[in-house]
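Residue numbers (UniProt numbering), protein chains in the order written: chain A, 1 to 337; chain B, 1 to 442. All residues carry an ideal CB built from backbone N, CA and C; glycine is no exception. Take a look at the structure set out below.
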Amino acid sequence: MRFRSQLTNIATFTKLTASLSSLGKVCWMRLEDGVVRFTIIPDQGTQVWAQLPVDAIFEENTYFLEANSGVVNLEVPVGALHRALRSAAGATTAQIRLTKKGNIPLLALTVLASSWTAGSNALGVTDADRPGQGPPERSGPRERETLIVQEIPVKVLHESAIDGLHEPRCRDPDVHIILPSLIQLKSISERFTKLATDATATSGSVTGLGASSPRLELSANMHGSLRLAIATDSLRISSVWTDLVNPPLDPGQLSQTEIEQLPSERMRALSDNDEAAWAKVRIDGKDWGRVLSVGRLSPKVVACFVHETALILYVYLPGSWNGEDSCLTYYINSYAA
Amino acid sequence: MATLSFSLAPPALLQLHDALICLAKFHDTVAIEAEFDLLRLSVLNSSKTAYSAFVFDADSFFETYAFGISGGRNARPDKFACQLYLKALLSVFKGRASGRDKDTAVERCEVELHDETDETECRLVIRMVCGLGVIKSYKLTYEQTTVNHAVFDRNKTLNQWSIDPKFIREITDHFSPSAEQLDVYSDGGKAIFTSFTTKITDGKEVLRQPVHTSVAIDKRDFELFIVEDNLHVAIALKDFKAIIAHAETAGAMITARYTRPCRPLQLSYGFKGVKSEFTLMTRGESSGDDTSTSSHAVPELSARQTPAPVQFTQSNAPSKTDHMPPPRSRSIRPLTGTSTRATETNPDSQRPSASINFDSLFVPADDDRQWDVPNEEEEEEAEDVLGWDATADQDTFNASLGPRLQDNEPRMPTQDATSRDEEMGIPPTQRISQLHGLGLFD
């Protein structure tokens, strides 16, 4: 089993691992010909299934993969991977490869970075024992090179270990809508969560909430509106965004009649004053904040609401590569009222 | 009875504060020693593996400095020593010299020692003379004590490098925050710094293992680099970072001196009337174990120049990498290991400033300890303890390393972190003693 590649778009890779690491400690990294997939399945909270074309983060002509099944499955401590990648910021070249030290498989990230020195330095190898090293040599400003090797311990997952892992399946969504600016959404969500936390803490009524963070109520309709709300015993707040886009479905994939039968089309038929036109989910405030950390990649996010069941986010990364191919899918379960 | 009073100008106050911050990273009590021409602050960490000292020159660092002592209960007629709770001392200086509030900024700091034999409490009085006639006084209780110093003989060091701490900080920035140890070696034209952690790695734990990071920089980045190739020494990363951070604020070129693994390493630098020295115990194998390189052998000559205990490790080291010690000699250990060492070294440790030109006479011909099963219970106490010299005057500072220093035989877990060969096998065994050995990070 072999894998090695030069990295491209190191910033993207770094940001991606940063947002993944906020949701889980370990990540299943699946390397295939042409496609890389990162999956996070925490015990509790949001699942992420991220699929990227190889050239989104790896240099395609150096991407080398060799495995019996054509697939390499790794369990990677994603936080450690993220930290390691930060060493590659401003790197001249960066290479990642699967290797082994003793019995521990590793992802070794080799980074060559260079900077300029200001002053002159002496080469101090004038040890009397080694006269062959030559006289000290002085130099003015020069390029200095630093070679950094980060060795991230990983686990190679056998096919059988991942057989049971499947991407969640959901019924067709009731509402799909493009989310507004994630940073705005994030700060308002955090504000609400904090207010609700403070309110429950001061009023002392923690019934039903327990130690967990407050539940945000997120709802949307097919008329371009998104509502973020939170309610506790002492307060009830909501923010509404309007004039958002409900993206049309790709007519190439579904026939006109199929589209007409979708729940979202039924929702579209309802008037926007009608409460029934809103598809609603209840989500954990803190977890939602971590999900929104993907905003650092400045993506386009389509949120699909399955009323009272789940929220699915399709996060499309910007960039020169084929935008539609690289998609991070977040599966967020709705809590019962 | 001793009298001590000195005053500091704002820049010196800032430097004193920086030094205290650095010292606080090692332990919670600071020893203050006053002599006629200097003031020394030193801290020894609880596991006695790191000793740090700042020496402030009486003339160039202080605005005024007066010290007097008269016999009595003092063991040494020419110096006074006490210890203070470092946090208490630090809080006095906190934010004082920043000059945020221009009007009431500290203009001068006066420190006076009240060592009255007829009073029950000894006090160190610190007065901050601020603008607008504001005077803030602090009285701190101190405790008279005798101070231990790590002794380190600079003349005996075989390896030495000097570098701008900025470059080193750039290196340590790449390390994982949870990494505990730092291994340093050179290979060809490169100096390689590797962070690692000695911990059991099995099963699920593997993924929790900190990332091993190795950073190679050109030897030309050093002002001076005289180091035996492929000689690995390892020190505690936390200590190293604390030192680098201070050296960088002080803007001083930092120099490392060491002989070999399992012997102390000293980092030192000086600036504006301040000399700082940090003596750290190193780990590693005293002879190279890197199977992929051939030039690792430690010269015999240098081995003979160093105190006897090193020879133990040297004779031990080859066996460590190759075989598991058979259990046979476990019961023998106290005899061959501890007691041999005790009888060999004690005579010398009692005269710390004596010559250290031991030769192989002191080396036991047959060292059974190499077969021992590592016994962490016993070694917990024995490992990595520095040698001490309680008399600590200037010449013993430069004198020999106390032979009481005891050696362990840790294995280098990262023999060749930069090797790109996948075939490069690293022996997976790890001595249990390493896990609890230092008590530093338990």
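(request) Given a cut-off of 8 angstroms, decide if Asn333/A and Ala310/A are closer than it, judged by their beta-carbon atoms. (result) The sequence position of residue 310/A within the first sequence is 310, counting from 1. The sequence position of residue 333/A within the first sequence is 333, counting from 1. Closer than 8 angstroms, so yes.
(message) Going by beta-carbon coordinates alone, are Ala84/A and Ile40/A separated by less than 8 angstroms?
(response) The sequence position of residue 84/A within the first sequence is 84, counting from 1. The sequence position of residue 40/A within the first sequence is 40, counting from 1. Their beta carbons are not under 8 angstroms apart, which means Ala84/A does not touch Ile40/A by this criterion.
(request) Determine the chain B residues that contact Ser87/A at a beta-carbon separation under 9 angstroms, and present them in chain order. (result) Locating residue 87/A in the first sequence gives position 87, counting from the first residue. Result: Asp173, His174, Thr213 and Val215.
(request) Leaving aside the five residues before and after Ser42/B along the sequence, list all residues of the same chain whose C-beta is less than 6 angstroms from its C-beta, in chain order. (result) Numbered from 1 along the second sequence, position 42 holds the residue referred to as residue 42/B. Here the set comprises Ala31 and Ala53.
(message) Given a cut-off of 8 angstroms on the beta-carbon distance, is the pair Ile178/A and Leu244/A in contact?
(response) To locate residue 178/A, count along the first sequence from 1; it is residue 178. To locate residue 244/A, count along the first sequence from 1; it is residue 244. The answer is yes: Cβ separation under 8 angstroms.
(message) Please report the straight-line C-alpha distance between Pro173/A and Ile183/A, rounded to a whole angstrom.
(response) For this step, residue 173/A is matched to residue 173 along the first sequence. For this step, residue 183/A is matched to residue 183 along the first sequence. Answer to the nearest angstrom: the Cα atoms are 25 angstroms apart.
(message) Please tell me whether Glu151/A has its Cβ less than 8 angstroms away from any Cβ of chain E.
(response) No chain E appears in the structure shown, which is made up of the protein chains A and B.
(request) Could you please give the first and the last residue of the uninterrupted alpha helix (DSSP H) stretch that includes Glu260/A? (result) What you label residue 260/A is simply residue 260 of the first sequence in a count that begins at 1. Note, Glu260/A: alpha helix (DSSP H), Gln256 to Glu260.
(request) Identify the continuous beta strand (DSSP E) that holds His82/A and give its terminal residues. (result) Start at 1 with the first residue of the first sequence, and residue 82/A comes out as number 82. Looking at the DSSP string, His82/A is not in any beta strand (DSSP E); the run it does join, the alpha helix (DSSP H), is Val78 to Arg86.
(message) Output needed for Cys327/A: all residues of its chain with C-beta closer than 7 angstroms, excluding positions within five of it in sequence on either side, in chain order.
(response) Residue numbering aside, residue 327/A sits at position 327 when the first sequence is read from its first letter. Only Gln51, Tyr314, Val315 and Tyr316 meet the Cβ criterion.
(message) Which residue wins for smallest C-alpha separation from His27/B, given the options Ala247/B, Ala34/B, Ala50/B and Asp37/B?
(response) Counted from its first residue, the second sequence places residue 27/B at position 27. Measuring from the Cα of His27/B, the nearest candidate turns out to be Ala50/B.
(request) Following the continuous alpha helix (DSSP H) through Gln15/B, name the residue where it begins and the one where it ends. (result) On the second sequence, position 15 is the one that residue 15/B refers to. Pro10 to Ala24 is the extent of the alpha helix (DSSP H) around Gln15/B.
(request) Could you tell me whether any Cβ in chain A is nearer than 8 angstroms to the Cβ of Asp218/B? (result) Reading the second sequence from its first residue, position 218 is the one you call residue 218/B. Yes, its Cβ sits closer than 8 angstroms to a Cβ of chain A.
(request) Using only alpha-carbon positions, find the residue among Ser276/B, Ile235/B and Pro210/B that is nearest to Glu285/B. (result) In the second sequence, residue 285/B corresponds to position 285, counting from 1. For the residues Ser276/B, Ile235/B and Pro210/B, the minimum Cα distance to Glu285/B belongs to Ile235/B.
(request) Report yes if the CB atom of Ala199/A is closer than 8 angstroms to the CB atom of Leu235/A, and no otherwise. (result) By 1-based counting over the first sequence, the position of residue 199/A is 199. By 1-based counting over the first sequence, the position of residue 235/A is 235. Contact: yes.
(message) Rounded to whole angstroms, what is the Cα-Cα separation between Ala242/B and Lys219/B?
(response) Counting from 1 along the second sequence, the entry for residue 242/B is found at position 242. Counting from 1 along the second sequence, the entry for residue 219/B is found at position 219. Distance between the alpha carbons of Ala242/B and Lys219/B is about 23 angstroms.
(request) Compare the C-beta of Gln181/B with all C-beta atoms of chain A and state if any pair is closer than 8 angstroms. (result) Taking the second sequence and counting its residues from 1, the one referred to as residue 181/B is at position 181. Output row for Gln181/B: interface = no.
(message) Looking at the secondary structure, which residues open and close the beta strand (DSSP E) in which Phe38/A lies?
(response) Taking the first residue of the first sequence as 1, we reach residue 38/A at position 38. Its beta strand (DSSP E) spans residues Val35 to Ile40.
(request) Go through its chain and collect everything with a Cβ distance to Arg144/A's Cβ below 8 angstroms, but skip five positions before and after it. (result) Here residue 144/A corresponds to residue number 144 of the first sequence, with the count starting at 1. Correct list, in chain order: Ser114, Ser115, Trp116 and Thr117.
(message) Does the CB of Arg268/A have a neighbour CB from chain B at under 8 angstroms?
(response) Here residue 268/A refers to the residue found at position 268 of the first sequence. It does not; no Cβ of chain B falls within 8 angstroms.
(message) Can you give me the C-alpha to C-alpha distance between Ser268/B and Thr145/B, rounded to a whole angstrom?
(response) Position 268 of the second sequence, counting from 1, holds the residue named residue 268/B. Position 145 of the second sequence, counting from 1, holds the residue named residue 145/B. Answer to the nearest angstrom: the Cα atoms are 25 angstroms apart.
(request) Would you kindly work out how many angstroms separate the C-alpha atoms of residue 338/A and Thr257/A, rounded to a whole number? (result) Given that chain A is displayed from residue 1 to residue 337, the structure contains no residue 338/A and the question cannot be resolved.
(request) Drop a sphere of 10 angstroms on the beta-carbon of Arg2/A, count the other beta-carbons inside from all chains shown, and report buried for 16 or more, exposed for fewer. (result) Taking the first sequence and counting its residues from 1, one reaches residue 2/A at position 2. The residue in question, Arg2/A, is exposed, as its Cβ has fewer than 16 Cβ neighbours within 10 Å.
(message) Any beta carbon of chain B sitting closer than 8 angstroms to that of Thr92/A?
(response) Numbered from its first residue, the first sequence carries residue 92/A at position 92. It does not: the Cβ of Thr92/A has no partner Cβ on chain B nearer than 8 angstroms.
(request) Please confirm if Gln266/B has its CB atom under 8 angstroms from at least one CB of chain A. (result) On the second sequence, residue 266/B is found 266 positions in, with the first residue counted as 1. Not closer than 8 angstroms to any Cβ of chain A, the Cβ of Gln266/B fails to qualify, so no.
(request) Verify whether the separation of the beta carbon atoms of Pro214/A and Ile230/A is less than 8 angstroms. (result) Taking the first sequence and counting its residues from 1, one reaches residue 214/A at position 214. Taking the first sequence and counting its residues from 1, one reaches residue 230/A at position 230. It is a contact, given that the beta carbons lie within the stated cut-off.
(message) Under 8 angstroms, with one C-beta from each stretch per pair, do the region 79-94 of chain A and the region 157-166 of chain A reach the 3-pair mark?
(response) no
(request) With 8 angstroms as the threshold, decide whether the Cβ of Leu185/A is near any Cβ in chain B. (result) Residue numbering aside, residue 185/A sits at position 185 when the first sequence is read from its first letter. No, because no Cβ of chain B sits closer than 8 angstroms to the Cβ of Leu185/A.
(message) Any beta carbon from chain B within less than 8 angstroms of Glu145/A's own beta carbon?
(response) Sequence index remark: in the first sequence, residue 145/A carries index 145 (1-based). So, interface residue.
(message) At the 8 angstroms Cβ level, is Asp221/B part of the contact set with chain A, yes or no?
(response) Residue numbering aside, residue 221/B sits at position 221 when the second sequence is read from its first letter. It does; some Cβ of chain A falls within 8 angstroms.
(message) Contact between the region 7-26 of chain B and the region 242-257 of chain B is defined here as three or more beta-carbon pairs at a separation below 8 angstroms; is this criterion met?
(response) yes
(message) Per the DSSP calculation, Phe80/B is bridged to which residue(s)?
(response) Along the second sequence, one-based indexing puts residue 80/B at 80. Paired residues: Ala34/B.
(message) If I measure Cβ to Cβ from residue 446/B and keep anything under 7 angstroms in the same chain, skipping five residues before and after, which residues do I get?
(response) Residue 446/B lies beyond the stretch modelled for chain B, which goes from 1 to 442, so this question has no answer here.
(request) Kindly say whether Ile148/A, judged by its beta-carbon, lies nearer than 8 angstroms to any beta-carbon of chain B. (result) The residue labelled residue 148/A in the question sits at position 148 within the first sequence. For Ile148/A, the answer is yes, since a Cβ of chain B falls inside 8 angstroms of its Cβ.
(request) Any chance you could list the alpha helix (DSSP H) runs of at least 4 consecutive residues sitting entirely within the region 155-230 of chain A, in chain order? (result) 159-162 and 182-203
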